[in-house]
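Residue numbering for the sequence shown follows our numbering, beginning at 3 and increasing consecutively.
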Amino acid sequence: MDNRTSIHDLPNELIDHVVSFIDLPNDLLHFALTSQRIHDIIIPDHIDSRIIEFPTRDAPLDIWSAIVAKPVLARHVRIFKRMERAGTNRYPPSLLSVSIPPRLPHVESVESRDVSSLSDEHLVIMTAISVMAALISFEDENAGAPISHILFQLSTACPNIMEIKLCQPILR
């Protein structure tokens with residue numbers, strides 16, 4: 003008697019969790035081709051949200067706030083880049099499709115040593131980092147919060163982080 007269970011017999015939440023371990027876009031696409039159900043789970047959420055990249059001049063707080071507002075997409079982000087130089091904007095189209103409150107009145111998920119010293123903008127950044135738990139690379143050429151806070155948040159919220167590049171603007 004064969005008691006094997008097909009992946010198609012699993013609930014969507016479990017399939018989503020399995021898919022979250024697949025890093026390469028080509029592997030995601032190949033897996034999406036196995037069935038319509040798996041396709042609907044992988045595309046667009048997993049495919050589009052593995053990399054978030056944007057220049058610092060492009061409404062930085064809007065992107066950070068959108069990440070906080072959409073933790074389902076944020077938990078799939080592997081690479082986050084905010085660059086000074088103009089480059090490609092890469093983030094899920096659905097990320098900025100929700101109305102985002104300009105301020106977060108109460109932030110519970112931030113695990114920082116002295117949260118009281120952070121501005122609302124810095125709290126949004128810290129919260130966004132905390133919901134991107136699958137990050138393996140984080141690069142910010144214009145760190146919007148104190149570097150020590152960013153490093154602490156990355157070390158506590160992102161267990162798979164392997165690469166961190168941070169710069170802060172020089173005040174004149």
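The beta carbon of each residue, even a glycine, is placed where N, CA and C say it ideally should be.
Item to complete: Tell whether a beta-carbon distance below 7 Å holds between residue 77 and residue 135.
Response: Within the sequence shown, numbered from 1, the residue matching residue 77 stands at position 75. Within the sequence shown, numbered from 1, the residue matching residue 135 stands at position 133. A contact, by the Cβ cut-off of 7 Å.
Worksheet item: Are residue 21 and residue 66 close, meaning C-beta to C-beta below 7 Å?
Response: By 1-based counting over the sequence shown, the position of residue 21 is 19. By 1-based counting over the sequence shown, the position of residue 66 is 64. No, these two residues do not count as a Cβ contact at 7 Å.
Discussion item. My output table needs one value for residue 2: the three-state DSSP class, helix, strand or coil.
Written reply: For residue 2 there is no data in the structure shown, the boundaries of the chain being 3 and 174.
Item to complete: Would you list the one or two residues that DSSP bridges to residue 142?
Response: Working through the sequence shown from its first residue, we reach residue 142 at position 140. Residue 142 is bridged to 84, 168.
Worksheet item: Do you know how far the Cα of residue 97 is from the Cα of residue 39?
Response: Taking the sequence shown and counting its residues from 1, one reaches residue 39 at position 37. Taking the sequence shown and counting its residues from 1, one reaches residue 97 at position 95. Their backbone Cα atoms lie some 22 Å apart in a straight line.
Worksheet item: Is the distance from the Cβ of residue 58 to the Cβ of residue 144 below 7 Å?
Response: Counting from one through the sequence shown, the residue named residue 58 turns up at place 56. Counting from one through the sequence shown, the residue named residue 144 turns up at place 142. Closer than 7 Å, so yes.
Practice prompt. Answer with buried or exposed for residue 84, where buried requires no fewer than 16 other C-beta atoms within 10 angstroms of its C-beta.
Written response: Stepping through the sequence shown from its first residue, residue 84 is reached at position 82. Classification for residue 84: buried.
Fill in: Beta-carbon gap between residue 138 and residue 155 smaller than 7 Å
Residue numbering aside, residue 138 sits at position 136 when the sequence shown is read from its first letter. Residue numbering aside, residue 155 sits at position 153 when the sequence shown is read from its first letter. The answer is no: Cβ separation not under 7 Å.
Worksheet item: For residue 92, which residues does DSSP report across the bridge?
Response: Position 90 of the sequence shown holds residue 92. Answer is 55, bridged to residue 92.
Discussion item. Mapping the DSSP letters down to three states, classify residue 133 as helix, strand or coil.
Written reply: Here residue 133 refers to the residue found at position 131 when the sequence shown is read from its first residue. Residue 133 falls in the helix class under three-state DSSP.
Worksheet entry | Same chain only: Cβ atoms within 6 Å of residue 124, ignoring 5 sequence neighbours per side | Stepping through the sequence shown from its first residue, residue 124 is reached at position 122. Contacts found: 147.
Fill in: Boundaries (first-last residue) of the alpha helix (DSSP H) holding residue 39
Mapped onto the sequence shown, residue 39 falls at position 37. Here the alpha helix (DSSP H) through residue 39 covers 38 to 44.
Practice prompt. Let me know the secondary structure DSSP gives residue 147 once reduced to three states.
Written response: Position 145 of the sequence shown, counted from the start, is the residue given in the question as residue 147. Of the three classes helix, strand and coil, the one that applies to residue 147 here is coil, per DSSP.
Discussion item. Within the continuous alpha helix (DSSP H) that includes residue 73, where are the two ends?
Written reply: Taking the sequence shown and counting its residues from 1, the one referred to as residue 73 is at position 71. Residues 73 to 76.
Worksheet item: When burial is assigned at 16 or more other CB atoms within 10 Å of the CB, is residue 128 buried or exposed?
Response: Walking along the sequence shown from the start, residue 128 turns up at place 126. So residue 128 ends up on the buried side.
Discussion item. For residue 1, count the other beta carbons within 10 Å of its own beta carbon; 16 or more makes it buried, fewer makes it exposed. Which is it?
Written reply: The displayed coordinates of the chain run from 3 to 174. Any statement about residue 1 would go beyond what the structure contains.
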